[in-house]
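> Residue 1 is where the sequence shown starts when you use the working numbering, and the numbers rise one by one after that. I am attaching a structure below and will ask some questions about it afterwards.
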Amino acid sequence: MVCDRCIMVVKDDFEQLGFDVMQISLGSVEVKSNYISEEDKLDLEKTLQEHGFELILDKEEAHNEEIKVLLLEYVNGQWFKKFNVSDFLAHNLHSDYIAISRFFSKKNNLTIEKYLIRLKVERTKQLIQEGKLNFSEIAYELGYSNLSHLSAQFKKEVGKSLSDYKNVADFQRNPIDKIV
């Protein structure tokens with residue numbers, strides 16, 4: 001789940017199947033029951049898949065998704081203005097950053113730094129498409145020290161300059177949950 005609409009759809013899916021949803025947030029649903037039957041899991045998995053979601057019950061995969069959600073929050077919530085990414089993750093996951101980083105890299109064949117760059121590039125695409133900010137403002141919004149740093153990363157990831165991307169009629173964006 002990557003947006004408020006996603007949360008609403010997932011909540012409805014759970015409730016329509018008879019689950020009492022206690023708490024729901026990006027990437028996580030807490031239900032009142034401690035036990036979910038295999039039949040309920042299959043029904044839930046099928047229903048979620050119909051809406052483009054997946055049921056993650058594996059603890060390692062759930063931990064991996066938790067890291068991704070935190071990184072998304074780090075970028076979108078501008079937490080980089082207060083914390084560096086290692087401190088942010090270590091604090092929120094109550095774990096050593098080195099262990100988090102090793103786990104993430106092993107699970108995704110991608111470093112946290114590279115994943116963070118990809119998130120920022122997708123956010124840049126979104127901000128360009130919205131057309132409210134100029135390139136310098138986008139760089140500031142995403143925590144870059146200067147526009148040339150953003151421009152270089154964007155060109156390396158997308159294969160186009162910021163201006164070339166802006167001038168394309170068909171904005172090609174990657175869904176956040178498909179970045180890795």
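For each residue, glycine too, the CB sits at the ideal point set by N, CA and C.
1. State the DSSP-derived secondary structure class of K54, mapped to helix, strand or coil.
2. Only counting the same chain, and skipping five residues up and downstream in sequence, which positions put a Cβ closer than 8 Å to that of Q78?
3. Excluding the 5 residues preceding and the 5 following S136 in the sequence, name in chain order all residues of the same chain whose CB lies nearer than 6 Å to its CB.
4. Quick one: measure Cβ to Cβ for Y165 and I117, integer angstroms, because I've assumed they're closer than 8 Å.
5. In chain order, what residues of the same chain have a beta carbon less than 7 Å from the beta carbon of F80, not counting five sequence neighbours either side?
6. Taking C-beta to C-beta, are L162 and F154 nearer than 9 Å?
7. Start and end of the alpha helix (DSSP H) containing Q129?
8. If you reduce the DSSP assignment to three classes, tell me which class V158 lands in.
9. Roughly how many angstroms separate the alpha carbons of S145 and A152, rounded to a whole number?
10. At what residues does the alpha helix (DSSP H) containing S105 begin and finish?
11. Please list the terminal residues of the continuous beta strand (DSSP E) segment that includes V21.
12. Rounded to the nearest angstrom, how far is the Cβ of I112 from that of S95, given a contact under 8 Å?
13. Give a yes or no on whether the minimum CB-CB distance between E157 and chain C is below 9 Å.
14. Do you know offhand how far I138's Cα is from T124's?
15. Considering Cα atoms alone, identify which of L48, T47, F19 is closest to Y35.
16. Would you give the residue range spanned by the alpha helix (DSSP H) that S33 belongs to?
17. Who are the Cβ neighbours of E157 in its own chain at under 7 Å, not counting the five residues just before and after it?
18. For the alpha helix (DSSP H) holding V59, just list the boundary residues, first then last.
19. Quick one: measure Cβ to Cβ for D43 and L17, integer angstroms, because I've assumed they're closer than 8 Å.
Looking at the coordinates:
1. Along the sequence shown, one-based indexing puts residue 54 at 54. The sequence shown places Glu at residue 54, rather than the Lys named in the question. Secondary structure of E54 (DSSP, three-state): coil.
2. Within the sequence shown, numbered from 1, the residue matching residue 78 stands at position 78. Around Q78, the same chain offers E141, G143 as residues with beta carbons nearer than 8 Å, after the five sequence neighbours per side are excluded.
3. Counting from one through the sequence shown, the residue named residue 136 turns up at place 136. Excluding sequence neighbours, S136 sits near L147.
4. Counting from 1 along the sequence shown, the entry for residue 165 is found at position 165. Counting from 1 along the sequence shown, the entry for residue 117 is found at position 117. Not quite, the Cβ-Cβ distance comes to about 16 Å (not below 8 Å), so this is no contact.
5. Residue mapping note: residue 80 aligns to position 80 of the sequence shown, counting from 1. Excluding positions up to five away in sequence, the list reads Y74, G143.
6. What you label residue 162 is simply residue 162 of the sequence shown in a count that begins at 1. What you label residue 154 is simply residue 154 of the sequence shown in a count that begins at 1. Yes, the pair counts as a contact, with Cβ atoms nearer than the cut-off.
7. The sequence position of residue 129 within the sequence shown is 129, counting from 1. Where Q129 is concerned, the enclosing alpha helix (DSSP H) stretches over 112–130.
8. Along the sequence shown, one-based indexing puts residue 158 at 158. Under the three-state reduction of DSSP output, V158 falls in the helix class.
9. Stepping through the sequence shown from its first residue, residue 145 is reached at position 145. Stepping through the sequence shown from its first residue, residue 152 is reached at position 152. For S145 and A152, the distance between alpha carbons rounds to 12 Å.
10. Within the sequence shown, the letter at position 105 stands for residue 105. Here the alpha helix (DSSP H) through S105 covers 97–108.
11. Taking the first residue of the sequence shown as position 1, residue 21 is located at position 21. Looking at the DSSP string, the run of the beta strand (DSSP E) that includes V21 is 21–25.
12. In the sequence shown, residue 112 corresponds to position 112, counting from 1. In the sequence shown, residue 95 corresponds to position 95, counting from 1. Going by Cβ atoms, the distance from I112 to S95 rounds to 13 Å, so no, they are not a contact pair.
13. No chain C appears in the structure shown, which is made up of a single protein chain.
14. By 1-based counting over the sequence shown, the position of residue 138 is 138. By 1-based counting over the sequence shown, the position of residue 124 is 124. Distance between the alpha carbons of I138 and T124: 7 Å.
15. One-based indexing of the sequence shown puts residue 35 at position 35. Of L48, T47, F19, the residue nearest in Cα terms is F19.
16. As a working mapping, residue 33 is identified with position 33 in the sequence shown. Per DSSP, S33 belongs to no alpha helix (DSSP H) and is neither H nor E.
17. Position 157 of the sequence shown, counted from the start, is the residue given in the question as residue 157. Only I117, R118, V121 meet the Cβ criterion.
18. By one-based count along the sequence shown, residue 59 stands at place 59. Per the sequence shown, residue 59 should be read as Lys rather than Val. Note, K59: alpha helix (DSSP H), 59–76.
19. Locating residue 43 in the sequence shown gives position 43, counting from the first residue. Locating residue 17 in the sequence shown gives position 17, counting from the first residue. With 8 Å as the limit, D43 and L17 qualify as a contact, their Cβ atoms being about 6 Å apart.
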